[in-house]
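Student: Here you go, one structure.
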Amino acid sequence: MAELPGKALAEELAAASRDESRTTPIEDVIAAARSPGLDDDAVHRLVSRLWVLERMFYYVYGGWGQGLEINDFPASIKYLFSKQIVDESTHEMLYLDTLLRRGCVKTQKEAFQHPYGGFSVDSGVAYYVFSLRNLATYPHPIRIAALNLGPKIVELAWMEALAAVIADPALKQVFASQAVENRSHIAMGRRIVEEFVEREDTPDVAQSRPRALHRMPHVLHRVPRARHQRGLCRARAAAPHRNRSRRLHLSRLHGLPDVLPGGRLDR
Ligand SMILES: [Fe+2]
């Protein structure tokens, strides 16, 4: 079998995300969960903010789904993406059920109305979601590379770490139960990038692409932008159909960790 064109790129992106997955501000939350432990309010806040993040993915996926049709990718790709949408739906419900079961809120309506469960347009979550939403104009392999080989790898590390340190059996299971799903999304990302994205270092690429991918990690991490630009690579969608000629500027998207800076989701 011929070498898949995006194999090296997929590994590069995944490795970079793995490297950073345990160096983010969520470590403060993980440390607090280990000792002294999360009190009821901290659990309410953590689960609520993760719930907001998860349900915001629908806004992203809605736009991306339309682009998927336009670009006419193979059915297998559409299937995998559809599966991810369903997975995230159950993930969101898992968080909401946790809030209800623990008595943090009495109803779903109350969960939406509580400050911890609201979506603020002036927040780290908002910057992250709007940036992902802007990827709707990119071919699907680039979007999936940006999501599933970026923050999804970081998210998996969060889930595993939280599951390891949380003592409460039910809460531990909330995070442990998502590992398989999360790994499947990462595997999908790797498969799509390996098959449909190939690297091409072309000097003019950076000039011709939107800057959103550069800005977003900077906005969310609040660290010098140059740190993120080191990891940039240029890629083009290799295989399918009408995407063949589109050159793309691909960046790792690191936003997710800073959704919880210092244990807070809102700034
Ligand atoms: Fe999920």
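Per the numbering used here, the very first residue in the sequence shown carries number 128; after that it's consecutive. The C-beta atom is built at its ideal place from N, Cα and C for all residues, glycine as well.
1. Could you check how far apart the C-beta atoms of Glu322 and Leu131 are, in whole angstroms? I think they sit under 8 Å.
2. Taking the alpha helix (DSSP H) that Gly251 belongs to, which residues open and close that run?
3. I need the residues with a C-beta less than 5 Å from some heavy atom of ligand 1; please give them in chain order.
4. Whose C-beta lies closer than 8 Å to the C-beta of Arg182 among residues of the same chain, with five residues either side of it excluded?
5. Which same chain residues end up closer than 8 Å to Ile280 when comparing Cβ atoms and leaving out the 5 residues on each side of it in sequence?
6. Looking at the unbroken alpha helix (DSSP H) that takes in Ser144, where does it start and where does it end?
7. Using a Cβ-Cβ cutoff of less than 7 Å, which residues in the same chain neighbour His241 once the five nearest sequence positions on both sides are dropped?
8. DSSP three-state call for Val232: helix, strand or coil?
9. Quick check on Val170: does DSSP put it in helix, strand or coil?
10. Taking the straight line between their C-alpha atoms, what separation do you get for Phe239 and Phe302?
11. Can you list, in chain order, the residues of its chain whose CB lies under 6 Å from that of Arg317, leaving out five sequence neighbours each side?
12. Enumerate in chain order the residues of its own chain whose CB-to-CB distance from Arg349 is below 6 Å, with the five nearest sequence positions on each side excluded.
13. Where does Ser258 land, buried or exposed, given buried means 16+ other C-beta within 10 angstroms?
14. If we count Cβ pairs, one from each stretch, closer than 8 Å, do we get three or more for the region 279-297 versus the region 154-169?
15. Select from Val292, Asn275 and Thr264 the residue whose C-alpha is nearest the C-alpha of Leu195.
16. Put Thr150 into one of helix, strand or coil per three-state DSSP.
17. Contact check, Val170 vs Arg229 under 8 Å by CB: the rounded distance?
Tutor: A quick look at the data gives this:
1. In the sequence shown, counting from the first residue as 1, residue 322 sits at position 195. In the sequence shown, counting from the first residue as 1, residue 131 sits at position 4. Contact flag correct, Cβ pair sits at about 6 Å.
2. Taking the sequence shown and counting its residues from 1, the one referred to as residue 251 is at position 124. It spans Gly251 to Arg260 - the alpha helix (DSSP H) in which Gly251 sits, taken as one unbroken run.
3. Glu215 and His218
4. What you label residue 182 is simply residue 55 of the sequence shown in a count that begins at 1. Excluding sequence neighbours, Arg182 sits near Glu219.
5. Translated into positions along the sequence shown, residue 280 becomes position 153. Contacts found: Ala141, Ser144, Arg145, Ser148 and Ile313.
6. In the sequence shown, the residue the question calls residue 144 occupies position 17. Per DSSP, Ser144 belongs to the alpha helix (DSSP H) from Lys134 to Glu147.
7. Numbered from 1 along the sequence shown, position 114 holds the residue referred to as residue 241. Ser175 and Val232.
8. Here residue 232 refers to the residue found at position 105 of the sequence shown. Looking at Val232 - three-state DSSP - the assignment turns out to be coil, as it is neither helix nor strand.
9. Position 43 of the sequence shown, counting from 1, holds the residue named residue 170. Three-state DSSP puts Val170 in a helix.
10. To locate residue 239, count along the sequence shown from 1; it is residue 112. To locate residue 302, count along the sequence shown from 1; it is residue 175. Approximately 21 Å between the Cα atoms of the pair.
11. Residue mapping note: residue 317 aligns to position 190 of the sequence shown, counting from 1. Hits under 6 Å: Ala137.
12. Looking up residue 349 in the sequence shown gives position 222. Reliability fails at Arg349, whose pLDDT of 35 lies under 50, so the model's placement of it is uncertain and the value that follows must be treated cautiously. Non-local C-beta neighbours of Arg349 in its own chain, meaning closer than 6 Å and more than five positions away in sequence, are absent.
13. As a working note, residue 258 is residue 131 in the sequence shown. Buried, by the Cβ-count rule.
14. yes
15. To locate residue 195, count along the sequence shown from 1; it is residue 68. Considering only alpha carbons, the answer is Thr264.
16. To locate residue 150, count along the sequence shown from 1; it is residue 23. The answer is coil: DSSP assigns Thr150 none of H, G, I, E or B.
17. Against the sequence shown, residue 170 aligns to sequence position 43. Against the sequence shown, residue 229 aligns to sequence position 102. 7 Å between Cβ atoms; contact.
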